[in-house]
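What follows is a single structure, written as structure tokens, with notes after it.
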Amino acid sequence: MAIEIENVTYTYMKKTPYEKDALKKITLKIEKGSFVAVAGHTGSGKSTLMQHLNGLIAPSSGIVKVDGVNINSKGKGKIKARRSVGMVFQYPETQLFEETVYADIAFGPRNFGLAEAAVDKRVKEAMAFVSLDYAQYKDVSPFALSGGQMRRVAIAGIVALKPEYLVLDEPTAGLDPKAKHDLLKNIKDLYCEGNTTIIMVSHNMDDIIGLAGRIVVLNDGQIVADGAPQEIFMEKEILTSAGLRAPHLTQLLQKINEKALPVKLDCLNVATAA
Ligand code: ADP
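Residue 226 is where the sequence shown starts when you use our numbering, and the numbers rise one by one after that.
See below:
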């Protein structure tokens with residue numbers, strides 16, 4: 226089981242003077258159960274690639290398969306395959322719209338046709354997952370919350386759908402250090418529960434290290450590096466030319482070598498890795 230991207234090219238504004246190939250013949254397989262980071266500077270094609278994973282946009286050429294199903298075909302199973310991929314966009318809190326935290330998180334599961342008792346259970350679980358106290362926050366307007374809390378409500382709304390693949394596009398962008406730490410801890414815990422494959426977009430190596438078991442680096446719509454973190458962090462030239470900020474790279478590498486820093490998420494020691 227996997228998400229398979231085969232030879233995907235995506236062109237914005239085709240046949241206009243602004244035509245732009247945002248993705249150029251990308252081939253990538255994301256195995257179920259993995260934690261993959263997609264890194265690259267602004268404009269490298271990360272968001273465009275992510276929007277292909279649940280069929281939000283269809284490739285100009287090439288194929289996207291989820292667990293063997295072409296999600297842009299007319300065939301059976303397309304909706305189910307798309308729904309197995311949950312998508313947390315950049316600044317997801319801008320999409321909150323319901324009057325209460327409860328209603329916002331319940332919106333997706335209700336839309337999936339779940340019975341109210343099941344919806345209720347999903348909301349409670351999702352709120353616990355993002356560390357929002359149910360009794361305290363369920364009836365509060367999402368717009369009365371802090372930025373970090375709003376982000377958590379938005380993420381809970383996707384987690385409540387129990388996606389098998391969870392795509393997070395720059396989940397920590399704009400958060401203060403504490404909110405960022407808490408959110409990364411929630412993501413670690415979700416991954417370590419064992420039922421969710423995580424695909425996390427980030428341009429910040431500090432967020433990725435100690436989490437992803439694999440890093441895919443995009444530059445100008447192409448994959449320029451793909452491998453285990455310890456391999457990717459050695460590729461300083463590639464990282465620099467991909468515009469990735471890596472100010473502490475030397476120190477990070479030293480800590481990894483001294484085994485003072487886990488290079489990827491170690492679920493058996495998640496408490497210490499946190
Ligand atoms: P990233 O997520 O890495 O910042 P994007 O996927 O957003 O990159 O963008 C890749 C390229 O596609 C950029 O050159 C960007 O300007 C262009 N692009 C993105 N969205 C649009 C759009 N809606 N219309 C035209 N060009 C776009």
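All residues carry an ideal CB built from backbone N, CA and C; glycine is no exception.
Continuous beta strand (DSSP E) stretch holding residue i: start and end
| i | result |
| --- | --- |
| residue 394 | 390-394 |
| residue 443 | 439-444 |
| residue 311 | 310-313 |
Beta-carbon proximity list for residue i, same chain, < 7 Å, skipping 5 on both sides
| i | result |
| --- | --- |
| residue 432 | 397, 409 |
| residue 270 | 247, 248, 443, 446 |
| residue 401 | 373 |
The alpha helix (DSSP H) enclosing residue i, as first and last residue numbers
| i | result |
| --- | --- |
| residue 228 | Residue 228 -> not in any alpha helix (DSSP H); beta strand (DSSP E) instead, spanning 227-237. |
| residue 272 | 271-277 |
| residue 465 | 461-466 |
| residue 373 | 372-384 |
| residue 349 | 341-354 |
Given residue i as reference, the closest of the options once Cα atoms are compared
| i | options | result |
| --- | --- | --- |
| residue 489 | 417, 442, 275, 405 | 417 |
| residue 393 | 412, 407, 386 | 412 |
| residue 260 | 463, 351, 479, 419 | 419 |
| residue 313 | 384, 436, 430 | 384 |
| residue 373 | 345, 317, 428, 365 | 317 |
Residue i vs residue j beta-carbon contact at 9 Å
| i | j | result |
| --- | --- | --- |
| residue 229 | residue 282 | no |
| residue 277 | residue 233 | yes |
| residue 391 | residue 310 | yes |
| residue 379 | residue 329 | yes |
| residue 227 | residue 441 | no |
| residue 355 | residue 334 | no |
| residue 436 | residue 264 | no |
| residue 364 | residue 319 | no |
| residue 428 | residue 395 | yes |
One or two residues paired with residue i in a DSSP bridge
| i | result |
| --- | --- |
| residue 248 | 235 |
| residue 264 | 427, 442 |
| residue 253 | 230 |
| residue 210 | Any property of residue 210 remains undetermined from this structure, which presents the chain solely from 226 to 499. |
| residue 450 | 442 |
| residue 556 | Residue 556 falls outside the range modelled here, since the chain spans only 226 to 499, and no answer is possible. |
| residue 422 | 390 |
Own chain, CB closer than 6 Å to residue i, minus 5 neighbours either side, in chain order
| i | result |
| --- | --- |
| residue 357 | 377 |
| residue 450 | 442, 457, 460, 463 |
is_contact[residue i, chain B] using C-beta, thresh 9 Å
| i | result |
| --- | --- |
| residue 339 | Reference to chain B is not applicable here, since this structure consists of a single protein chain. |
Neighbourhood of residue i by C-beta, 8 Å cutoff - its chain only, sequence neighbours within 5 removed
| i | result |
| --- | --- |
| residue 496 | Because the pLDDT at residue 496 is just 49, under 50, the model does not fix this residue reliably, and the point stays unresolved. |
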